[in-house]
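Heads up, the thing below is written out as structure tokens.
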Amino acid sequence: MSVSGLKAELKLLESIFDKDHERFRIVSWKLDELHCQFVLLPPPPGSSPPPPAPLTIHCNITESYPSSSPIWFVESDDPNLTSVLERLEDIKKSNTLLLQQLKRLICDLCRLYNLPQHPDVEMLDQPLPTGQNGTTEEVTSEEEEEEDMGEDIEDLDHYDMKEEEPVDGKKSEDEGIEKENLAILEKIRKNQRQDHLNVSGAVSGSVQASDRLMKELRDIYRSQSYKTGIYSVELVNDSLYEWHVKLLKVDPDSPLHSDLQVLKEKEGVEYILLNFSFKDNFPFDPPFVRVVSPVLTGGYVLGGGALCMELLTKQGWSSAYSIESVIMQINATLVKGKARVQFGANKVNILCIIIEVTFVLWVDTCFIFHFMLTLIESSNIKQLLV
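Throughout the sequence shown, residue numbering follows UniProt numbering, covering 1 to 386 in sequence.
Set out below in structure tokens:
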């Protein structure tokens, strides 16, 4: 689909559901994402509860839209809302897929919250202007092309422009990414095409998670924090679902920074290595993150390197979080929690930890069992004495 076709859809949405709409609002949009709000009815006049906050909904538009559906997520753990979003996948793909998904979304949310259907949703069935639906004639006027170029130049971080990309002009999705990182992205694309259906026929990962992770990786390659060497990212065995992240710079005034300088002198290593593992339902579940090396104490780091952060729990996680923000938050948390390098510690053997934890749990279970037996026996003895 052309950029002009997608842009026509987004502009139509914005014209119908502006920021003051009584039921559904388009807060902001770019060619690769959409931020919306579903407005709930306020409480009756004179009631004490404050008006409910609008329901915030995010949409990521993939490179291959409309061949691949947009990715929807909501800032809520309500399983009913998750079901509403999952049903959007059932809509038949078309050149106005985004409009049709949004119509279904608004209607289903109105039913979920027992609200009357809003008549404006019917406006989503209107055809796009001729030449902007991706199948009819494209815009050919040089003046219109130049005008679109100026408006779109900030929105093309992520969008695939193979259909109408001039030699000189609009920014491509790869703008601002170094050549070696572009090679990595291209290799991942090829691997994803080959491995999505493996030899046994089972799906490897998910389209939704893969698209989101590709976007996260591309955003990281563009970020100034990455380019200035605050951290680095490497895929483990070229897998999009497992990353090694090196924290290369921490607060220079922190004890952790001093420890890393000593570590550099002793072992030639001056970074903290993190392992990120992603599930196929990412971004709805957080990544699992652990410190691989060096062995740290404090800083909310548990035995085996697991991180005790609410951000990385099901309850504290939001699908709207970016991976770069997670990396930077971990960096700050380690410093704030006064993490220190445990010099001389052997590298953690995960198997030993599992055995140790299992043994402790077994001992605790035996202790509780015998303790309960003692209580029961004591209780019977007391009853006999009475």
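Backbone N, C-alpha and C define an ideal beta-carbon position, used for all residues, glycine too.
Given that a residue counts as buried once 16 or more other Cβ atoms are within 10 Å of its Cβ, and exposed if not, what is residue i?
i: L307; result: buried
i: V245; result: buried
i: D259; result: buried
i: D78; result: exposed
i: R111; result: exposed
i: F282; result: buried
i: S83; result: exposed
i: P252; result: exposed
i: D211; result: buried
i: S293; result: buried
i: E142; result: Because E142 carries a pLDDT of 40, less than 50, the predicted location of this residue cannot be relied on, and the following value inherits that uncertainty. So E142 counts as exposed.
i: D20; result: exposed
How many angstroms separate the CA atom of residue i from the CA atom of residue j?
i: V233; j: D32; result: 23 Å
i: Q208; j: K93; result: 16 Å
i: K314; j: S325; result: 17 Å
i: H158; j: D174; result: Reliability fails at H158, whose pLDDT of 42 lies under 50, so the model's placement of it is uncertain and the value that follows must be treated cautiously. Whole-angstrom Cα-Cα distance: 8 Å.
i: L109; j: N95; result: 24 Å
i: residue 390; j: D120; result: Absent from the model: residue 390. The displayed extent of the chain is 1 to 386, so no value can be given.
i: N331; j: K227; result: 16 Å
i: L312; j: S277; result: 12 Å
i: S68; j: V262; result: 50 Å
i: I188; j: N114; result: 45 Å
i: P286; j: F24; result: 28 Å
i: L334; j: K266; result: 22 Å
i: I327; j: P255; result: 20 Å
i: E270; j: V236; result: 20 Å
i: E22; j: K179; result: 47 Å
i: L105; j: D18; result: 17 Å
i: S239; j: P116; result: 47 Å
i: S319; j: N275; result: 19 Å
i: A339; j: V250; result: 11 Å
i: W243; j: Y321; result: 17 Å
i: V289; j: M214; result: 18 Å
i: V3; j: S64; result: 12 Å
i: A8; j: S76; result: 30 Å
i: F343; j: K190; result: 42 Å
i: E164; j: V291; result: At E164 the pLDDT is 38, less than 50, meaning the model places this residue with poor confidence; the figure from the coordinates comes in the next sentence. Approximately 45 Å, taken between the alpha carbons.
Would residue i pass as a contact of residue j if the rule is Cβ separation under 8 Å?
i: Y241; j: G205; result: yes
i: L81; j: I61; result: no
i: L98; j: V74; result: no
i: L217; j: Y231; result: no
i: V341; j: L273; result: no
i: L128; j: G5; result: yes
Excluding five sequence neighbours on each side, which residues of the same chain lie with their C-beta closer than 8 Å to the C-beta of residue i?
i: Q126; result: L12
i: W29; result: L10, L13, E14 and H35
i: residue 389; result: Past the edges of the chain, shown from 1 to 386, lies residue 389, and the structure says nothing about it.
i: Q37; result: F24, R25, V27, P54, L55, T56 and I57
Below 6 Å CB to CB, which residues in the same chain sit around residue i once its five sequence neighbours on both sides are set aside?
i: P52; result: L40
i: N181; result: Y221
i: E310; result: G316
i: G337; result: G298, G299 and Y300
i: L85; result: W72
i: Q101; result: L88 and I91
i: K279; result: D285
i: Q192; result: S210
i: I16; result: D120 and M123
i: C59; result: L34, P70 and W72
Quick one: what's got a C-beta closer than 7 Å to residue i's C-beta in the same chain, skipping five residues either side?
i: P66; result: M1, K93, S94, N95 and L97
i: K103; result: V121 and L124
i: E89; result: S69
i: K264; result: E270
i: H257; result: V250 and D251
i: C107; result: Q117 and V121
i: S225; result: Y231, E324 and M328
i: G229; result: L248 and K249
i: P50; result: none
Can you determine whether any heavy atom of the ligand PLP sits closer than 7 Å to the C-beta of residue i, and answer yes or no?
i: G229; result: No copy of the ligand PLP appears in this structure; indeed no ligand is present at all.
Are the C-beta atoms of residue i and some chain B residue less than 8 Å apart?
i: L256; result: This model lacks chain B altogether; it includes just one protein chain.
Sufficient close CB pairs (3 or more, under 8 Å) joining the stretch 206 to 222 to the stretch 295 to 313: The answer is no - the stretch 295 to 313 does not touch the stretch 206 to 222, with fewer than three Cβ pairs under 8 Å.
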